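Trainee: Below is the structure I would like to discuss, written out as structure tokens.
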Amino acid sequence: QKEVEQNSGPLSVPEGAIASLNCTYSDRGSQSFFWYRQYSGKSPELIMSIYSNGDKEDGRFTAQLNKASQYVSLLIRDSQPSDSATYLCAVNEGAQKLVFGQGTRLTINP
Amino acid sequence: GAVVSQHPSWVICKSGTSVKIECRSLDFQATTMFWYRQFPKQSLMLMATSNEGSKATYEQGVEKDKFLINHASLTLSTLTVTSAHPEDSSFYICSAPPAFGGSYNEQFFGPGTRLTVL
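Protein sequence lines correspond, in order, to chains E and A. The first sequence begins at -1 in this note's numbering and counts up by one. The second sequence begins at 119 in this note's numbering and counts up by one.
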């Protein structure tokens, strides 16, 4: 059973600080990794994808992947109250299927 | 960007009735669509993979006779919850990776359908 693990939180971060979200996965063969943001009552929204070891930056978001450690993280710089949401880590299981972690609830405090 | 729509956005029905949920890719073709279910404060659980022109593939523990899936075209998949019961009340979400272009594994989610069975 392929697994994706996240700390469910809640994670509280002051406005303007860096929020760090972590995720580990069990399948060494996984090639694609995604971070989704989900607001309460809404469906997930893709915010980052990463396929190679290292960092990938997009605006205030940076995804980091370390395949040797089976670890992927998301950093949110200059956190805003609008970043308060549940962040879901997803890993491909082949044939375009995704396995999701349980999500980390992030709260940005003004 | 890739847009996926779902209809209806919410539905309330009586126990024992059937409910059909539509998932459409609006600006791209999708040979595959995925159906998820999400209970409160839980993550997304994949129910089945909808394949255009062939039978759906169901995840372990999902009753194929209860959750009927039809992928009628490259832009439409439907999920019918048959003989719905209160325990079927959940947030149903579809997703689709573009068949052409984009990243092979990127999926775009519909807005979801909240089903409440009384």
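Every residue, glycine too, gets a C-beta built ideally from N, C-alpha and C. All of these numbers come straight from a predicted model, not from anything done at the bench.
Which residue or residues does DSSP assign as beta-bridge partners of Q36 (chain E)?
Mentor: On the first sequence, residue 36 (chain E) is found 38 positions in, with the first residue counted as 1. Q36 (chain E) is bridged to E:T84.
Trainee: Across which residues does DSSP place L19 (chain E) in a beta bridge pair?
Mentor: Counted from its first residue, the first sequence places residue 19 (chain E) at position 21. DSSP output for L19 (chain E) lists E:L72 as bridge partner(s).
Trainee: Is there a C-beta anywhere in chain E that falls below 7 Å from the one on G230 (chain A)?
Mentor: Position 112 of the second sequence, counted from the first residue, corresponds to residue 230 (chain A). Yes, because at least one Cβ of chain E sits closer than 7 Å to the Cβ of G230 (chain A).
Trainee: So what does DSSP say about P42 (chain E), is it helix, strand or coil?
Mentor: Here residue 42 (chain E) refers to the residue found at position 44 when the first sequence is read from its first residue. Coil.
Trainee: Measure the alpha-carbon distance for D206 (chain A) versus Q156 (chain A) and round it to whole angstroms.
Mentor: For the purposes of this step, residue 206 (chain A) is identified with residue 88 of the second sequence, where counting begins at 1. For the purposes of this step, residue 156 (chain A) is identified with residue 38 of the second sequence, where counting begins at 1. Their Cα atoms are separated by approximately 11 Å.
Trainee: Ordered along the chain, which non-local residues of its own chain (more than five positions away) have a Cβ less than 8 Å from that of S127 (chain A)?
Mentor: What you label residue 127 (chain A) is simply residue 9 of the second sequence in a count that begins at 1. Contacts found: P229, G230, T231 and R232.
Trainee: Just the C-alpha distance for A73 (chain A) and G52 (chain E), rounded to the nearest angstrom, thanks.
Mentor: Only positions 119 to 236 of chain A appear in this structure, which leaves residue 73 (chain A) out of reach.
Trainee: Could you tell me which whole beta strand (DSSP E) segments of length 3 or greater appear in the stretch 176 to 234 of chain A?
Mentor: Counting whole runs of 3 or more residues, the stretch 176 to 234 of chain A contains the beta strand (DSSP E) stretches 185 to 191, 194 to 199 and 208 to 214.
Trainee: I need the straight-line Cα distance from Q124 (chain A) to E177 (chain A), nearest angstrom please.
Mentor: As a position in the second sequence, residue 124 (chain A) is number 6, starting the count at 1. As a position in the second sequence, residue 177 (chain A) is number 59, starting the count at 1. Looking at the two C-alpha atoms, the distance is approximately 21 Å.
Trainee: Residue range of the beta strand (DSSP E) that R103 (chain E) falls in?
Mentor: Translated into the one-based positions of the first sequence, residue 103 (chain E) becomes position 105. Start and end: T102 to N107.
Trainee: Taking its Cβ as the centre, do 16 or more other Cβ atoms sit within 10 Å of R109 (chain E), making it buried, or is it exposed?
Mentor: What the structure shows of chain E is the stretch from -1 to 108, and residue 109 (chain E) is not part of that stretch, so it cannot be assessed.
Trainee: How long is the line joining the alpha carbons of L63 (chain E) and K54 (chain E), rounded to whole angstroms?
Mentor: Start at 1 with the first residue of the first sequence, and residue 63 (chain E) comes out as number 65. Start at 1 with the first residue of the first sequence, and residue 54 (chain E) comes out as number 56. Roughly 9 Å between the two C-alpha positions.
Trainee: How about F98 (chain E): is its C-beta nearer than 7 Å to some C-beta of chain A?
Mentor: In the first sequence, the residue the question calls residue 98 (chain E) occupies position 100. It does; some Cβ of chain A falls within 7 Å.
Trainee: Classify P216 (chain A) as buried or exposed, calling it buried when 16 or more other Cβ atoms lie within 10 Å of its own Cβ.
Mentor: As a working mapping, residue 216 (chain A) is identified with position 98 in the second sequence. Counting Cβ neighbours within 10 Å, P216 (chain A) comes out buried, since at least 16 surround it.
Trainee: Figure out for me which residue from A:S133, A:S161, A:M165 and A:Y210 has the closest Cα to the Cα of S6 (chain E).
Mentor: On the first sequence, residue 6 (chain E) is found 8 positions in, with the first residue counted as 1. That would be A:S161, whose Cα lies nearest to the Cα of S6 (chain E).
Trainee: Give a yes or no on whether 7 Å exceeds the smallest Cβ distance from I130 (chain A) to chain E.
Mentor: One-based indexing of the second sequence puts residue 130 (chain A) at position 12. So no, I130 (chain A) is outside the interface.
Trainee: For K65 (chain E), collect the residues of the same chain with a Cβ closer than 7 Å to its Cβ; drop the 5 residues on either side in sequence, then sort them by chain order.
Mentor: Counted from its first residue, the first sequence places residue 65 (chain E) at position 67. Around K65 (chain E): N51.
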